[in-house]
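Chemist:
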Amino acid sequence: MFRPCIDLHEGRVKQIVGGTLSATGLRTNFVSEKPASWFAELYQRDQLTGGHVIMLGPGNETAALGALAAYPGGLQIGGGVNAENARGWLDAGASHVIVTSWVFREGRVDWARLEELVKITGKNRLVLDLSCRQRGEDYFVVTDRWQKFTELVVDEETLRKLSAYCVEFLVHAVDVEGLCRGIDGGLVEKLGRWSPIPATYAGGANSLADLEQVARLGGGKIHLTIGSALDIFGGTGVKYDDCVQFNRKNK
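Under numbering that gives the first Met the number 0, residues 0 to 250 are what the sequence shown spells out, in order.
(1) Quick check on the DSSP output: the beta strand (DSSP E) that includes residue 38 runs from which residue to which?
(2) What residue does the beta strand (DSSP E) around residue 128 start on, and which one ends it?
(3) Taking the alpha-carbon positions, what's the residue 151 to residue 108 distance?
(4) What does DSSP give as the partner residues of residue 138 in its beta bridges?
(5) Short check: CB of residue 10 to CB of residue 62, under 8 Å?
(6) May I have the straight-line CA-CA distance separating residue 240 from residue 205, to the nearest angstrom?
(7) What's the gap between the Cα of residue 19 and the Cα of residue 125?
(8) Reducing DSSP to helix, strand and coil, say where residue 47 ends up.
(9) For residue 96, does the three-state DSSP call read helix, strand or coil?
(10) On a CA-only basis, which of 232, 236, 237, 245 is nearest residue 31? Give me that one, please.
(11) Do residue 158 and residue 195 have their CB atoms nearer than 8 Å?
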């Protein structure tokens, strides 16, 4: 199924080239004149669920709160979420919180932090972000604006262990994110084979055929986020209305 997104950078809705996000800047594909709340209202109108708001760095809280208020209970939120603020985001209208960097310390999963978080949110309102980059044959989770490799390999054992703490995974394929050159089919197939819970894949989608391919490779368990190729984000590869129709047809 198609999952919508709202990526926020410096308070504005943007589409970026994922691997370029750093403290000194980034490469941007699109900057919207419309506020985050406009996109949230659109997703609510079309009854799209499971979408996410991602705050890429500081200065995005006001825009994020606007999106959550426009579609209460309809959007997940991630970016800087930790044990101190997770409950606040849920109370502000997020359906789930998405967490990555905070549960890693020195390149490893901090299981104590993860358990602390689950006590606050409950397993059913927690999504773990396992966005990754490839090294050799393996995919490693990356943190800190996707620049820092952890020691955690995305494999069957990792997904099985972490699934005990969350209801879903979010996986950006960082090496192809924002490039609109097609999805990483190998990663999608592995997620579909290995993950005991649903996952949303993001990265590289450039056509409606990618939606069909993800559904097939992922065995129906993997959802797809389309960003830079989507017409509402200035893209030419995929029409938003076609994605809405795809979901209605395959519901």
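Note that beta-carbon positions come from the ideal geometry of N, C-alpha and C, so glycine has one too. Quick caveat, the model's predicted, so the values are computed rather than measured.
Modeler: On the basis of the coordinates in this document:
(1) No beta strand (DSSP E) contains residue 38, which is instead part of the alpha helix (DSSP H) from 35 to 44.
(2) 125 to 128
(3) 8 Å
(4) 133
(5) yes
(6) 15 Å
(7) Its pLDDT being 49, under 50, residue 19 is placed unreliably in this model, and the coordinates cannot settle the point.
(8) coil
(9) strand
(10) 232
(11) yes
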